[in-house]
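Novice: Protein chains in written order, with this note's numbering: chain A, 123 to 501; chain B, 123 to 501; chain C, 37 to 326; chain D, 37 to 326. We put the beta carbon where it would ideally sit given N, CA and C, even for glycine. Small disclaimer: the values here were computed from a predicted structure and weren't measured.
#1: Do the segment 162 to 175 of chain D and the segment 240 to 247 of chain D touch if we need at least three Cβ pairs shorter than 8 Å?
#2: Applying a beta-carbon distance threshold of less than 8 Å, which residues of chain D neighbour residue 335 of chain B?
#3: In angstroms, rounded to a whole number, what distance separates the CA positions of residue 256 of chain C and residue 292 of chain C?
#4: Taking just the CA atoms, how far does residue 249 of chain D sit from residue 234 of chain B?
#5: Please tell me whether residue 279 of chain A has its Cβ less than 9 Å away from any Cβ of chain D.
#6: Short of 9 Å Cβ to Cβ, which residues in the segment 168 to 195 of chain D face chain B?
#7: From which residue to which residue does the alpha helix (DSSP H) around residue 313 of chain B run?
#8: Which partner residues of residue 124 of chain B appear in the DSSP bridge assignment?
#9: Taking the alpha helix (DSSP H) that residue 472 of chain B belongs to, which residues open and close that run?
#10: Could you work out which residues of chain B lie near residue 197 of chain D, taking near to mean beta carbons separated by less than 8 Å?
#11: So residue 233 of chain B contacts chain D; which residues on that side make the cut at Cβ distance below 8 Å?
#12: State the beta-bridge partners of residue 50 of chain C as determined by DSSP.
#13: Which ranges would you report for the alpha helix (DSSP H) in the segment 368 to 403 of chain B if only whole runs of at least 4 residues count?
#14: Is it buried or exposed for residue 205 of chain D, if we count other Cβ within 10 angstroms and need 16 for buried?
#15: Strictly under 9 Å for the Cβ-Cβ distance: is residue 107 of chain C near chain B by that measure?
#16: Once the 5 residues before and after residue 339 of chain A are set aside, which same chain residues still bring their CB inside 8 Å of it?
#17: So, does the segment 402 to 416 of chain B touch the segment 430 to 440 of chain B, judging by three or more C-beta pairs under 8 Å?
#18: Should residue 391 of chain A be flagged as near chain C, meaning a C-beta pair shorter than 9 Å?
#19: At the level of alpha carbons, what is the spacing between residue 191 of chain B and residue 165 of chain B?
#20: For a contact defined as C-beta to C-beta under 8 Å, what are the partners of residue 257 of chain A on chain D?
#21: Quick check on DSSP: helix, strand or coil for residue 299 of chain A?
#22: Can you pull out the residues from the segment 297 to 330 of chain A whose beta carbon lies closer than 7 Å to at least one beta carbon of chain C?
#23: Based on DSSP bridge pairs, tell me the residues matched to residue 209 of chain D.
#24: Of all Cβ atoms in chain B, is any one closer than 9 Å to the Cβ of residue 120 of chain C?
#25: Using the C-alpha atoms, what's the distance from residue 274 of chain B back to residue 52 of chain C?
#26: Report buried or exposed for residue 308 of chain A, applying the criterion of at least 16 other Cβ atoms within 10 angstroms of its Cβ.
#27: Note down, in chain order, all residues in the segment 342 to 370 of chain A with a beta-carbon under 7 Å from any beta-carbon belonging to chain C.
#28: Would you say residue 271 of chain A reaches chain D, if we count a Cβ-Cβ gap shorter than 9 Å as a contact?
#29: From this set, B:446, B:130, B:495, B:391, which residue's C-alpha is nearest residue 169 of chain B's C-alpha?
#30: Which residue marks the beginning of the alpha helix (DSSP H) containing residue 414 of chain B, and which one marks its end?
#31: So the candidates are A:351, A:489, A:212, A:335; which of them puts its Cα closest to the Cα of residue 140 of chain C?
#32: Could you say if the segment 250 to 257 of chain A and the segment 283 to 299 of chain A meet the contact criterion of at least three C-beta pairs nearer than 8 Å?
#33: From residue 107 of chain D to residue 282 of chain A, what does the alpha carbon distance come to, in whole angstroms?
#34: Give the C-beta separation of residue 311 of chain A and residue 293 of chain A to the nearest angstrom, bearing in mind that I take them to be a contact with Cβ-Cβ under 8 Å.
#35: Just grab the DSSP bridge partners of residue 88 of chain D for me.
#36: Chain A beta carbons: is any one of them nearer than 9 Å to that of residue 203 of chain C?
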């Protein structure tokens, strides 16, 4: 789960990390008040979960409170990559002497939290990693021991030669590690960590991603989810316990299992089509889930055909068949449905579907190529 | 540092461990109010750092608030083993179904915190350990991982067969471990952990010892020290950065280094004397420390002779000599002083002391046997 | 046995009285797995399906039944503790089926099991099956048949799809291992490849990967250097967008790393037979196994 | 060398610019110890006594000077971190002089150094000296002289007292090791006894214990089984009361355990020569070393 910048700032602040002043606003009046309080030139930043906010006009420099209000009214309500902006962050435009990058990421290779820091900060760190990897200092933390003082020192010395700044950075490393561990993060990033002309070390922008698997046991983190900042169909899917990701194609997919769902999308592409979504109904074959899946997919008007690919293991294919029948009786599905079922209880599944006049396939390739052909015909 | 029972209870309560009701009182009126609030029969317990409070009349059962006040007025101000009682704990006399022991101790052998639990609780656990060790379940916790769920379960099942009680005990094990680790304990003990007739699990009495080495970095723990409950001469010594323990003999000892101090006391005993104290002036040979040491020792009227045993390594023996001269000029020392000095700057030390007419010895055995002879002569 | 499980497996099921645990315990018993014990704290003393004793702790189960393999069906927040309990009780092979285990929990589980020399499969995996001998996990026994093909996969139903093609075309399996779709898993491709390479019953290997991470690339490197047996491979997620978690916590393309295409490139460089579709496994195996 | 330190020691002093650190660094240099580097975070780039380079980190010191032994004089709250830093930098022998290190810190230091194969002496110890070769710590060099007696002790000045008798009576020392007076120390009696037993330069061993714990009893057991060389021993604290910490954090009699008398009994059972007084060491050694 991605947090908004202002939420990430709140977690960092709670851990004691020095941050630039500022606050979040939902109206131009609020933005103006924040700008007046912090004084001087401010930055008004759209709070949405997409990159490229600046290019889309979601980040503006305001020289006074009136301008802050004006830009806030422009940005609030604007749509960036399909997402409506409901909140802006108003922060002072800090005077900056140096910019660094400090990131802490859950690393698969070492199976540990790994710090990545670089004094080439303020820019895209992936670009730095790709072009000048020697500018990045990496350090894996053994969670049995936590971040040790000499490790924090090593990271701090990679950023600063000035001893006061290095000490400030050491403290920030410890605090960021605490934020990461206590909030179940898979990423916690300060970019940039700046020094001001008078030598202070300050976090300007923050990014935090929380491991979705933490949310069940951590209601305090779960409430940070801002559903207004997500694709509405994905929110609906999650509420129905479905894993759904909207894509740009026209072949709607309903599959059980994440690996098979990806392989199905790949096969759509292989046969010349474009998948409209990733959708995993999971292991348990509740007919209700199938109904919800069909509701979400049919709401997407670009979908020209719906493809079911179900391999019954734990999933009972007759339950899925029943779900399809229930759904098509509840609401009219205007696009053709291609169904591939195999595995547990498949005879009963075939009987159920054929009894309402639907045809069913047994083979994945046959089903996918048929679905692609139907989508092309409809396009 | 030993905590009072009521302080230990406060730490346990803060960690969420279920405790019997009750509070600490410094006046009979307060004790009466607590007894009225908790209702029924209460126990009034002297808060002093010595064992055998009950036998000394420091623990009384009061059937009503008036009795609680009466007993509190008897106990407050009483002296138990030389220590004045300034506080009493007033707790309900709980109805008890079963009594268990739960202790967590810093174990030298495993170099880990080790749980010791037994369903033979409420009695002296050392007696249980000595006579029926099979009744004690021991479990070492690896501090890199903390107390793991299956370990807490094992401990809980050693105490209770009832599943609700076992679950309550599991939670208490985790909480006690947290108390131990977050407060720098060397011992944290619940004795007894009881079940009530209606099946609840409850901590009745608690004992906590905090590692003295934690106090410098943990002012929040250091303030828990109750100097009014300690031997006054030891408080004075600690404030002067001396390690001092009062004993019952008449040969006052001033030594540098803990091992040599113990060996000096042993040698006093070997030559037929009795040491009046353990006193380590430490490594740095500040003359001021010597003056303070002499002040503390001469305040003890049972001391018949003062024995210096200084092996100069880091300690400069001339500094010690200077301290002795300064002290004897500041105040009159009424008992003979036997001085053994050797090592760093010993020539200068001898000169300083001999210049004021004091004799100095070079050999430990000679000095100790002379001191013992002088003490015997004075007794 | 082929690898890790077989006739000599003495299985304990952790969470045997739960909904998932009891269902799959029955399935495993029906398949013929030697299920010797169950564990559910607080339910010790009961008997499962009139045959299998239930204990409060794994240590008790091991003491009473000499269990040598554990499979875990407990809720996500309790999974790490269950793995540690099995490891501490001396179980050498632990399979964790549970999905949704917080990744930070796994960062502590990994050194804990390493210190005890325990092999962990999963979490969030379908488990293992040695057809005709033992099934530990949730892979449907009906789609498998004994034979010379070792299969290792990061996913569940996609594995079944491939096994379905294998069995349907006469290619039986030595052991099928689902290593799981999480960013941190106890057993990786290389561990399984090493075991298959050393297993005399395995003649060819099928490897099914996914987007995310670099496990497939490292496996390819390992195969190039150390694996003599023929390997064919697939990578799911060729059409996945960047930065989105495709169901599995581990199936996410971060920045430019972890794409299906770079994994296929590594496969090709290692001489692994490329499956562009799951069904391709049949023709590829025909060409390497006469 | 005799054990652990000698002419080949390349020493780095952690906390070299502090009051204690600088004083003892000078003492060690004067004794002839090969002091190659100092470390004080934030003081990197300076030079100590116009000879020894000072670094910000131990890793930098090791890279520049190939230091192979570290001695620590930092405040108690920073001692655990200093030990971990030295261990992580690849230093195989670390001596921690600092007194007052919280014991819970040591419970994490111990596995950390064990994983890295590091020998730690202390904390709260006087360190080591191999007379005529190297001094690492605070044992006064002037009281020592080379010879065949290995000495191991839990205390500081009491050690000096015994060494004083040794040197004064013609018994030189191979190495003197102060293992420290804390409840948890990196190196215990058995570690040192094992090394002395294997050291050809050591012909007899003096062991100086204290009340508290069972380290002396375990050492006696070890001596009985494994040490061929003659051993004489003392235990300080025969007159110590129960339950009071006698200066050293480890010198405390808990309940009925850890008394001097039970340690002496163990010594006798192991054939160790009993010193009732420090001076007894002389006659006892005369009887075993002709």
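Specialist: Considering the structure as presented:
#1: no
#2: 112, 136, 137, 138, 139, 285
#3: 19 Å
#4: 14 Å
#5: yes
#6: 174, 175, 176, 178, 179, 189, 190, 191, 192, 193, 194, 195
#7: Taken as a continuous stretch (DSSP letters only), residue 313 of chain B belongs to no alpha helix (DSSP H), being part of the beta strand (DSSP E) at 307 to 317.
#8: B:331
#9: 468 to 477
#10: 382, 385, 433, 486
#11: 142, 143, 146, 220
#12: C:75, C:108
#13: 380 to 392
#14: exposed
#15: no
#16: none
#17: yes
#18: yes
#19: 11 Å
#20: Here the premise fails: no neighbours, minimum Cβ distance about 19 Å.
#21: helix
#22: 303, 306, 308
#23: D:185
#24: yes
#25: 21 Å
#26: buried
#27: 365, 367, 369
#28: yes
#29: B:130
#30: 409 to 420
#31: A:335
#32: no
#33: 27 Å
#34: Not really, about 17 Å apart at Cβ, beyond 8 Å.
#35: D:84
#36: no
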